[in-house]
Amino acid sequence: MEAAVVGARIAQFITSVVLFGTPLFFLYGLRGSAAAKLPWARPLLAACAGVVLLGAGVSLLAQTATMAGDPAAAFDRETLASVLSDSAFGAAILVRLAAGAAALIAALALPKGSRLWLVLAALGATILATFAWTGHGAAEEGLAGEAHAAADVLHLLAAGVWLGALAALALLLATSRPSDDVDAFRPLHRALAGFSGIGSAVVAVILVTGLVNSWFLVGPSRIGSLASSPYGLLLMVKVALFVGMLALAAANRFRHTPDLERGMTAKDPRHAIAALRRSVLLETSAGVAILILVSVLGTLAPVAAQ
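Take a look at the structure:
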């Protein structure tokens, strides 16, 4: 059952990040009708909403069985009702189910455009925030607990902005085809420039909230013992992946995006597109790996509790 809990959590994390960050990116990075013309936008977002719904259902069943110590409890009405009504986990699942259903209906029914992107981004943000309700920060009380919970939510949302934009950029690059028409690449260039504009702010929020979380979950006096626990080792891998993402993001912003502009001016952006495609794919892969690590870290005792 533990594997099912972690697997469902990973699926929900990845899809809720896309459900929030990708339509948000459409609003600031692909202005006008550019995003509405993307053939993959609606299927992607509808699929993510569907996976959130399915993942929330699997999480409810698997977590209920784990909490009760009996697989049969996952199908017991009274036990399920108790979990849903008497725990923060149950409240989070109810919100995810409601928001996921609303997102699926919106993705299928509303016309593509700014209204749909805004609705999906708001619902995705709501779903992402629920992960903080059952995280390590939710176990603390008082002002410290409130500060930790707030840092958790901001950390999740900032990560969602970054990774959701990466998902969109990766798909834009994957579907870009060689063309003699340089204007065909201008929406991609505007999208890259648009993301670069908010990238620094997003990184700053991730760094600050990450430090706050580390203060509570590790503590200054325990930094030297990180390598002595599974939680500490995975946290170190997460930080290393984050540093790698920063390096790739810097290369995209200061090297590959200007190269694309120069390539368009010279009527030959092929090499710049290929370099961007490789870099964004690596950055996106690192982001997915971080989400998987975060899902596992949520099931382990933090260093400060050991």
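For the sequence shown, my numbering gives the first residue as 596, with consecutive numbering after it. Each residue gets a CB set at the ideal place from its N, CA and C atoms; glycine is no exception. Quick caveat, the model's predicted, so the values are computed rather than measured.
Selection from the options that minimises the alpha carbon distance to residue i
i    : options                   : result
F780 : W728, T610, L802 and L625 : L625
G792 : H750, A844 and A631       : A844
L919 : L705, F849, G814 and P618 : As displayed, the chain neither begins before 596 nor continues past 901, which places residue 919 out of reach and without an answer.
V807 : F849, G740, S677 and P825 : G740
A763 : G737, F790 and L738       : F790
D681 : A765, T659, A702 and D665 : T659
Y826 : D747, V748, P666 and G893 : G893
V875 : H851, K862 and S824       : H851
L855 : P666, L888, V838 and A788 : A788
V646 : T610, P634 and R672       : T610
T984 : E597, G685, P634 and W635 : Not covered by the structure: residue 984. The range shown for the chain is 596 to 901.
A599 : V834, G652, T860 and S709 : G652
S824 : K862, L895 and G794       : L895
Q794 : S820, A606 and A842       : Going by the sequence as given, residue 794 is Gly instead of Gln. When each option's Cα is compared against that of G794, the closest is A842.
T860 : H784, L888, V838 and R873 : H784
A606 : A642, A636, V690 and R637 : A642
Beta-carbon proximity check, residue i vs residue j, cutoff 8 Å
i    : j    : result
A745 : L699 : no
F615 : L761 : no
A769 : L622 : no
V612 : L639 : no
G882 : M831 : no
A884 : L836 : yes
S890 : F608 : yes
P782 : A629 : yes
S771 : I868 : yes
T804 : A753 : yes
P897 : L812 : yes
A697 : L711 : no
L718 : A694 : yes
T725 : A687 : yes
A727 : V748 : yes
Heavy atom of the ligand HEM within 7 Å of residue i beta-carbon
i    : result
S880 : In the structure on display, the ligand HEM does not appear, and there are no ligands present to speak of.
Nearest-angstrom Cβ-Cβ length linking residue i and residue j, presumed shorter than 8 Å
i    : j    : result
G730 : F620 : Rounded, the Cβ-Cβ distance is 25 Å, inconsistent with contact.
I801 : H750 : 6 Å
L656 : L692 : Incorrect: roughly 12 Å between the Cβ atoms, too far for contact.
A786 : L767 : 6 Å
T674 : A683 : T674 to A683, Cβ: 17 Å. No contact.
L886 : N847 : In fact, because the Cβ distance is near 20 Å, the residues do not count as touching under 8 Å.
Exposure of residue i, with buried meaning 16 or more beta-carbon neighbours within 10 Å
i    : result
T721 : buried
K632 : exposed
G650 : buried
I818 : exposed
S654 : buried
F849 : exposed
E878 : buried
L703 : exposed
K833 : buried
R604 : buried
G708 : exposed
A822 : exposed
A799 : exposed
G664 : exposed
G685 : buried
Curious, which full-length beta strand (DSSP E) runs of at least 3 residues does the region 740-798 contain? The qualifying runs do not exist here; there are none.
Any alpha helix (DSSP H) of 4 or more consecutive residues that is wholly inside the region 612-644: none
I'd like the ranges of any alpha helix (DSSP H) spanning at least 4 consecutive residues and lying wholly in the region 700-738. 709-728
Curious, which full-length alpha helix (DSSP H) runs of at least 4 residues does the region 672-699 contain? 672-681
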